[in-house]
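In UniProt numbering, the protein residues as written are 1 to 692.
We put the beta carbon where it would ideally sit given N, CA and C, even for glycine.
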Amino acid sequence: MADYLVIVESPAKAKTIERYLGKKYKVKASMGHIRDLPKSQMGVDVEKEYEPKYITIRGKGPVLKELKSAAKKVKKVYLAADPDREGEAIAWHLAHSLDIDETSDCRVVFNEITKDAIKESFKHPRPIDMDLVDAQQARRILDRLVGYNISPLLWKKVKKGLSAGRVQSVAVKMIIEREEEIKKFVPEEYWSIESTFQKGKETFEGSFYGVDGKKQDLGNREAVDNILNQLKGNDFKVDKVNKRERKRNAAPPFTTSSLQQEAARKLNFRARKTMMVAQQLYEGIDLGKKDGGITGLITYMRTDSTRISDSAKKEAAAYIKEAFGDDYLGAVRKDKNSEGAQDAHEAIRPTSAFRDPKSLKSILSRDQYRLYKLIWDRFTASQMAPAVMDTMTIHLLNEGVEFRATGSKIKFKGFMKVYIEGNDDNDQEEDKFLPEIAEGETVNAKDIEPNQHFTQPPPRYTEARLVKTMEEQGIGRPSTYAPTLDTIQRRGYVTLDNRRFVPTELGEIVIDILREFFPEIIDVDFTVKMEGDLDSIEEGQTEWIRIIDQFYNGFDKRLEKAEKEMEKIEIKDEPAGIDCEECGHEMVYKMGRYGKFLACSNFPDCRNTKPILKEIGVKCPNCKDGNIVERKTKKRRTFYGCDNYPECEFISWDKPISRPCPKCDSLLVEKKAKKGTQIQCTECDYKEEPQV
């Protein structure tokens, strides 16, 4: 019989840890939280210093009974929930439910699920950290006070099923404000002049820079013509050649935010999927008996720190030296964290640098492999030497008109041998070769082409861009990003169009109400200050009741005002201009959980509903009669099908285009490429150059 009971959140983690600890330990899972505030009521007594009313979560009775029974049979119980605020709160709730003294050494924490880390953590058990618990409890109570007071108002005045939360409301407001920026944006004209220059048999590209050594912008065609009229002939003199060596450093290891952003860019993962797959890698994968059985492959995935342990740095250095040689070893550099980072534990990294992705490819699922490779590559690159680039700028003159040509080539790859960080503009650094050229030489401009451009509005937020902006502004914390993005979509406040957020009418109505009656809820500065207050509770500098009280005193008065003054808003159904094929009544547009849809105006007598199909102007290549329309899966993934479905079952994940393949006359589709979009044939090998 076991002497000790260890309680973790998940069965996968329990299985891994039990194998490491041996026969004296029994490891069981609580399946997350055991206790929580009731769903059916506020559960916070504002008259008694915001005392929370915790109850056993419905369905957790049998789990709690099993844990109580197991606890009675052992000498000691260890609580080993995740190493963050929520994990500390889970441990505290378990201590209460199992009559464990929270001041005893009952809490065990570890940042990675490996044999050494687990065994070491059990040598240093500690009491439950009540500052961490209070910080989590304060967040939960704040969110409950906001949600359970404002949401019923929205149900009464607007529509049932709505909700308003602190972080989610700010995120929706940011999306709406970006949409307003786009609508108000007035494009401005500007021009560039490009040219292909020839030196002997070699050619290179250059662009207009300015006149008489001063940079000049070209705002219209007249300015362009003035420059072109100054030129005499096509010969340009090489006035100056600048050469220099430039170093480029690797990006730091992943935080939760940067992992979600890069997984979106490089793997096309949504934030929720990234965290789900990362959880699997953290809790453990069965590598087989020969390689250690179930093993955690990455460190804890909810972190805003880029710190790396000394032991991990040493192991990475040993791997890099063995795999690439001494030249590729990076210098020891100080880890930099963003302002406000809690730095509770390390960055996200592989638990062993020697466990390279190739060795695990046959064991991991496709998604697990791709995310693990991303994490491993980023961490390994972060410990490698900088890349060295040779850069060259050629200054070319013709009657005082200056063109410049810039080029670079990689002299030493360094970390780029393993990994290059992505960005939202698909703008990767590439070699741009320039010919060897000396000052005083003459080159010929083959083509001088003026090009008209217009400034572009700010882009809509992708999930990655929104997470990045929230992190930069201090809104939310690592554990809140994915749930926030998920909630605002489930509530119907925003939709995704081409993987970018667009606010719905419902979202705009809710934010307008909050702006009028509860401005602090959607105020970025207020939300950032509240995150700082929660951090100060965690650090033991502030009492949680005082923070709640400061907020609620003003909030309570706003609630009273809103109850009296908020007018009922009726969202009228918009006529669709077509009749219901089942009863003949008019069809209308309704707002649902996933945005607008078509429904019969004769509801509830007629329950006919249809999705809104968006035609893309392409005839079906299968039945030749139908039109291709944009559709959505249950998980909101876009695909394309024939509007004659189910008679015609044509389907494509890639967007078809209207013109046929010039080589075989088959269907052409748009596919995502590393740099923008590439058009290619569905039948033959025809491809076009990617368009950014």
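Who pairs with residue i in a beta bridge, going by DSSP?
i	result
residue 192	451
residue 405	394
residue 170	None, per the DSSP bridge assignment.
residue 699	Not covered by the structure: residue 699. The range shown for the chain is 1 to 692.
residue 667	660
residue 242	393
residue 503	494
residue 575	588
residue 640	630 and 652
residue 236	443
Please look up how many angstroms separate the CB atoms of residue i and residue j, rounded, as I've assumed it's under 8 Å.
i	j	result
residue 351	residue 297	6 Å
residue 320	residue 384	6 Å
residue 169	residue 496	Wrong, their Cβ atoms sit about 19 Å apart, outside the cutoff.
residue 138	residue 534	6 Å
residue 172	residue 494	6 Å
residue 518	residue 150	6 Å
residue 251	residue 355	Their Cβ separation, rounded to whole angstroms, is 21 Å, which puts residue 251 and residue 355 out of contact at 8 Å.
residue 597	residue 614	Not really, about 13 Å apart at Cβ, beyond 8 Å.
residue 127	residue 102	6 Å
Kindly indicate which residue of the options has the alpha-carbon position closest to the one of residue i.
i	options	result
residue 678	655, 385, 312 and 663	655
residue 456	549, 189, 524 and 579	189
residue 81	132, 498, 47 and 73	132
residue 162	519, 510 and 319	510
residue 83	8, 100 and 22	8
residue 488	477, 501 and 585	501
residue 289	587, 597, 19 and 578	19
residue 198	552, 172, 236 and 227	236
residue 12	559, 286, 441 and 596	286
residue 583	570, 574, 569 and 599	599
residue 37	73, 89 and 641	89
residue 61	33, 44 and 45	33
residue 434	87, 202 and 106	202
residue 164	610, 578 and 520	520
residue 259	300, 224, 622 and 325	300
residue 508	562, 146 and 158	158
residue 228	448, 663, 576 and 605	448
residue 540	130, 551, 530 and 146	130
residue 2	75, 558, 35 and 221	75
residue 266	608, 282, 590 and 372	372
residue 607	665, 269 and 580	580
residue 105	121, 72 and 113	121
Put residue i into one of helix, strand or coil per three-state DSSP.
i	result
residue 164	coil
residue 122	coil
residue 339	Any reading at residue 339 must be qualified, since the residue scores a pLDDT of 46, below 50, and its modelled position is unreliable; the value itself is stated next. In this structure, residue 339 counts as coil in the three-state DSSP scheme.
residue 253	coil
residue 27	strand
residue 678	strand
residue 208	strand
residue 5	strand
residue 527	helix
residue 387	strand
residue 198	strand
residue 588	strand
residue 421	coil
residue 610	strand
residue 319	helix
residue 133	helix
residue 652	strand
residue 347	coil
residue 50	coil
residue 77	strand
residue 598	strand
residue 427	Residue placement at residue 427 is poorly supported in this model, since its pLDDT is 48, which falls under 50; the coordinates still yield a value, given next. In the structure shown, residue 427 sits in coil (DSSP, three-state: anything other than H, G, I, E or B).
What residues in its chain sit with their C-beta under 8 Å from that of residue i, if we drop five residues either side in the sequence?
i	result
residue 439	238, 239, 240 and 241
residue 192	207, 208, 218, 450, 451 and 453
residue 136	85, 86, 88 and 89
residue 671	654, 677, 678, 679 and 680
To which residues of the same chain is residue i closer than 7 Å at the C-beta, ignoring the five residues directly before and after it?
i	result
residue 545	49 and 50
residue 317	329 and 383
residue 381	250, 415, 418 and 419
residue 427	Low per-residue confidence applies at residue 427: pLDDT is 48, beneath 50, and the placement is therefore not dependable, though the value from the model is reported in the following sentence. Counting only Cβ-Cβ distances below 7 Å, and skipping sequence neighbours, we find nothing.
If I measure Cβ to Cβ from residue i and keep anything under 6 Å in the same chain, skipping five residues before and after, which residues do I get?
i	result
residue 6	25, 27, 78 and 80
residue 340	The pLDDT assigned to residue 340 is 44, lower than 50, so where the model puts this residue is not dependable; a value taken from the coordinates is nonetheless given after this. So the list reads 474, once near-sequence residues are dropped.
residue 391	244, 246 and 408
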